[in-house]
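Visitor:
In full-length UniProt numbering, the protein residues as written are 1 to 235.
Rendered as structure tokens:
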């Protein structure tokens, strides 16, 4: 991590400084540059100077948005976690909504795990020495956050008697394990994935979600599990 005693102005002071409003387009460029560096060399490859160069912005512009390297890494991981958990943001409103939201989450998870960005990241983690603090922070803001969001969703479904899962944390871990299957291990061993095509990911997501719902059926109806396909999540 870069020293926290850097003479760079604090993020709060920069935010209050007069001038033009912050351009959200630059945030997208900066985060994309940081992601590209992470894919290539893991979090160890990310420095404020390299991100500024890769994004084509000045260090002043970068520090105006992110007080230090830690804040930048956290922003990258949070953005990915928020996208992944989009379907879980609101509690389910019906049995069909439970299925639709879980299906959307599992399909998004599979698309991420089978994507080149995640596979390159795993290779970088195993091939280049990384800071334990960086890896721990990514774990907390990424996988651990996704697990917590899924558990909260299942806890809400249990409270509304749509599912019977009194131990929502364990149920969430089981669903994640079912969803990932051996493809996570295949990524680590750099062998072809079983579900690189979307049609295969969708079929797997449906099988996983329907099996999970049968295992944790509470007030959940057999008709909802047997429905031909997920409807769009509400909200």
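Where is the CB? At the ideal position from N, CA and C, for every residue including glycine.
(1) First and last residue of the alpha helix (DSSP H) that includes residue 187?
(2) By DSSP, does residue 217 sit in helix, in strand, or in coil?
(3) What do you get for residue 216, buried or exposed, if any count of 16 or more other CB atoms within 10 angstroms of its CB means buried?
(4) Assign residue 129 to buried or exposed, taking buried as 16 or more other Cβ atoms, counted over all protein chains shown, within 10 Å of its Cβ.
(5) Buried or exposed: where does residue 161 fall if 16 or more other Cβ atoms within 10 Å of its Cβ makes it buried?
(6) Starting from the N-terminal side, write out each stretch of the alpha helix (DSSP H) that is 4 residues or longer and does not extend beyond the segment 124-154.
(7) To which residues does DSSP link residue 163 through a beta bridge?
(8) Going by other Cβ atoms of all chains shown within 10 Å of its Cβ, with 16 needed for buried, is residue 183 buried or exposed?
(9) So residue 81 packs on residue 36, CB below 8 angstroms; how close in whole Å?
(10) Would you mind sorting residue 60 into buried or exposed? The rule is 16 or more other CB atoms within 10 Å of its CB.
(11) Quick one, which of 48, 44, 43, 62 has its alpha-carbon nearest residue 25's?
(12) Please confirm whether any heavy atom of the ligand ZN lies closer than 6 angstroms to the CB of residue 73.
(13) Alpha carbon to alpha carbon, how far is residue 218 from residue 32? Give it in angstroms, no decimals.
(14) Take residue 155 as the anchor and find which of 171, 140, 141 has the nearest alpha-carbon.
(15) Quick one: using the 10 Å Cβ neighbour count with 16 as the cut-off for buried, is residue 199 buried or exposed?
(16) Tell me the rounded alpha-carbon separation between residue 194 and residue 178.
(17) Quick check on the DSSP output: the alpha helix (DSSP H) that includes residue 70 runs from which residue to which?
(18) Per DSSP, what kind of secondary structure is residue 66 in: helix, strand or coil?
(19) Identify whether residue 116 lies in helix, strand or coil by the three-state DSSP scheme.
Guide: The answer reads as follows:
(1) For residue 187, the enclosing alpha helix (DSSP H) begins and ends at 183-189.
(2) If DSSP states are grouped into helix, strand and coil, residue 217 belongs with the strands.
(3) Burial call: buried.
(4) In summary, residue 129 is exposed, with fewer than 16 beta-carbon neighbours lying within 10 Å of its beta-carbon over all protein chains present.
(5) Burial call: exposed.
(6) Contiguous alpha helix (DSSP H) elements confined to the segment 124-154 occur at 132-141, taking only those with 4 or more residues.
(7) 217, per the DSSP bridge assignment.
(8) Counting Cβ neighbours within 10 Å, residue 183 comes out buried, since at least 16 surround it.
(9) That pair is no contact at about 18 angstroms.
(10) Exposure of residue 60 is indicated by the presence of fewer than 16 other C-beta atoms within 10 angstroms of its C-beta.
(11) Looking at 48, 44, 43, 62, the one whose alpha-carbon comes closest to that of residue 25 is 62.
(12) Because no ligand of any kind appears in the structure shown, any question about the ligand ZN cannot be addressed here.
(13) A straight line joining the alpha-carbon of residue 32 with that of residue 218 spans about 43 angstroms.
(14) Cα-wise, what sits closest to residue 155 is 171.
(15) When all chains shown are included, residue 199 counts as exposed.
(16) One C-alpha to the other measures close to 14 angstroms.
(17) Run containing residue 70: 69-84, per the alpha helix (DSSP H) assignment.
(18) Residue 66: coil per DSSP, three-state reduction.
(19) The three-state secondary structure of residue 116, taken from DSSP, is helix.
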